[in-house]
Structures are given as C-alpha cells and as structure tokens.
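Below is one structure, written out as structure tokens; the observations come after it.
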Amino acid sequence: MKNNKQRIGAQELDFELVTLYKSKTNKSSTTALHFDTEETNQFCDFTEAVLEITSDSGIKHGSVTLFTPHTTTAVVINESETGYINDFKKKIEELVPSDSYYEHDDWDLRTENMQEDENVNGRSHVRGTIIGSTGVTLPIINSELIIGRWQRLFFVELDCARSRRLFVQTHDLN
Numbered sequence: 024m025k026n027n028k029q030r031i032g033a034q035e036l037d038f039e040l041v042t043l044y045k046s047k048t049n050k051s052s053t054t055a056l057h058f059d060t061e062e063t064n065q066f067c068d069f070t071e072a073v074l075e076i077t078s079d080s081g082i083k084h085g086s087v088t089l090f091t092p093h094t095t096t097a098v099v100i101n102e103s104e105t106g107y108i109n110d111f112k113k114k115i116e117e118l119v120p121s122d123s124y125y126e127h128d129d130w131d132l133r134t135e136n137m138q139e140d141e142n143v144n145g146r147s148h149v150r151g152t153i154i155g156s157t158g159v160t161l162p163i164i165n166s167e168l169i170i171g172r173w174q175r176l177f178f179v180e181l182d183c184a185r186s187r188r189l190f191v192q193t194h195d196l197n
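24 is the number of the first residue of the sequence shown in this note's numbering; add one for each residue after it.
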C-alpha cells in the first residue's frame with residue numbers, strides 16, 4: 024500500500040495504491056487506487072499516477088487498462104482544461120437534468136437491486152450510460168504510454184461524494 028496525492032487544478036486528491044496482483048512470469052500487474060470523491064461531476068485526473076505505474080512496471084511492449092467498477096462513474100480521456108470541464112458539467116445537466124423524474128428513483132415502482140441506504144441517483148445511472156466508458160485500454164510502446172499531447176486520464180464521478188476505486192492493469196506482451 025502506498026499513499027499518494029494528485030493535484031487536479033486547485034484541488035488535491037488523496038489516494039491509496041494497493042497492489043492486487045503481480046505476475047511471477049512477466050511484468051503484468053493489477054493495482055487498485057482507493058480514494059474519495061467530493062462532488063457530482065468531479066473530474067479526477069489520474070494521468071500522473073498511471074504514467075508512474077506504467078513506468079514502474081518495466082513493460083517495454085504491452086498495454087494498460089483503466090477500469091471503474093462503479094455504474095455511476097466513467098473513465099474519460101480528454102483535455103485538462105477548465106472550459107471543457109465546465110462545458111461538460113453544463114451540457115450533462117442539460118441532457119440529463121437532476122430535477123427530472125427517474126423511474127429508478129421511484130420506490131413505488133422499482134423492485135430490483137434495492138438497498139435501504141441507496142442514493143437517489145437515477146440521473147447518475149443515465150449519465151454513465153450516455154458517457155458509456157467504464158474502461159479504456161492504451162498501448163505501451165518502447166516503455167512509453169501512448170497518449171496524445173493534451174490527453175489526460177480522468178475518473179469522472181457522476182453521482183455524489185463517496186469512496187471509489189479505479190483499477191489499473193498492466194499487460195506485458197513479451
């Protein structure tokens with residue numbers, strides 16, 4: 024386990040790295056990042072952490088996969104630019120308004136997957152489906168993670184502040 028801090032604009036995100044698996048035959052591994060989000064539609068930039076995990080892996084040719092196991096979150100590749108993030112927040116609210124009716128939140132109709140302490144989060148499930156990416160896979164070539172010049176690797180919280188996990192799995196092709 025390793026504690027880290029990642030600066031995201033003016034925001035600092037604390038997270039814990041937990042190694043879940045390390046191959047004995049090649050350099051593949053699986054790492055979990057444990058952290059708490061602070062707000063709806065929060066962008067958590069994990070680019071530096073993923074670059075470090077990739078570099079530390081020693082993989083020359085392979086790939087890295089990022090995956091979120093939460094249905095009300097997404098993994099997004101885009102620019103770390105305030106205007107884009109603000110535009111996203113405005114447009115996702117226009118497309119899937121918080122104050123609309125969602126059958127998922129109607130306890131008189133809903134009969135599946137219910138929990139007593141569940142949030143009213145029908146909008147978050149719809150937003151996650153529209154974004155549609157719970158994971159991405161990127162190539163590692165000549166020990167370098169291949170991403171575009173301005174691309175950043177974001178975990179996006181579409182629900183409320185809570186404890187979350189992001190899995191980073193490196194794959195060695197050698």
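C-beta atoms are modelled at their ideal positions from N, C-alpha and C, and glycine is treated no differently.
For residue i, three-class secondary structure by DSSP
i, result
"S186", "strand"
"I76", "helix"
"E71", "helix"
"E102", "strand"
"H127", "helix"
"T94", "coil"
"D195", "strand"
"Q138", "coil"
"S46", "coil"
"T54", "strand"
"L132", "coil"
"E39", "strand"
"D59", "strand"
N- and C-terminal bounds of the alpha helix (DSSP H) containing residue i
i, result
"L118", "T105 to L118"
"G151", "G145 to I154"
Inter-residue CB distance, residue i and residue j (contact presumed, cutoff 8 angstroms)
i, j, result
"D37", "F58", "6 angstroms"
"T53", "Q192", "5 angstroms"
"T95", "D182", "4 angstroms"
"Y125", "V149", "7 angstroms"
Residue i: first and last residue of the uninterrupted beta strand (DSSP E) it sits in
i, result
"G171", "Looking at the DSSP string, G171 is not in any beta strand (DSSP E), and its letter there is neither H nor E."
"G85", "G85 to F90"
"L161", "G158 to I164"
Residue i, buried or exposed, once every other Cβ within 10 Å from all chains shown has been counted against 16
i, result
"Q138", "exposed"
"L118", "exposed"
"T63", "buried"
"N144", "buried"
"A97", "buried"
"I153", "exposed"
"G81", "exposed"
"H194", "buried"
"R185", "exposed"
"I108", "buried"
"G200", "No answer is possible for residue 200: the residues shown for the chain start at 24 and end at 197."
Nearest to residue i (by Cα), restricted to the options the options
i, options, result
"E7", "L168, L132 and N197", "In the structure as shown, the chain starts at 24 and stops at 197, and residue 7 therefore has no counterpart that could be examined."
"V41", "K47, T48, L56 and L196", "L56"
"N142", "E71, D129, I153 and R172", "D129"
"T157", "V179, D131, N165 and I164", "V179"
"H93", "T60, P162, I82 and I164", "T60"
"R172", "N101, G106 and L132", "N101"
"A72", "L89, S123, P120 and D122", "L89"
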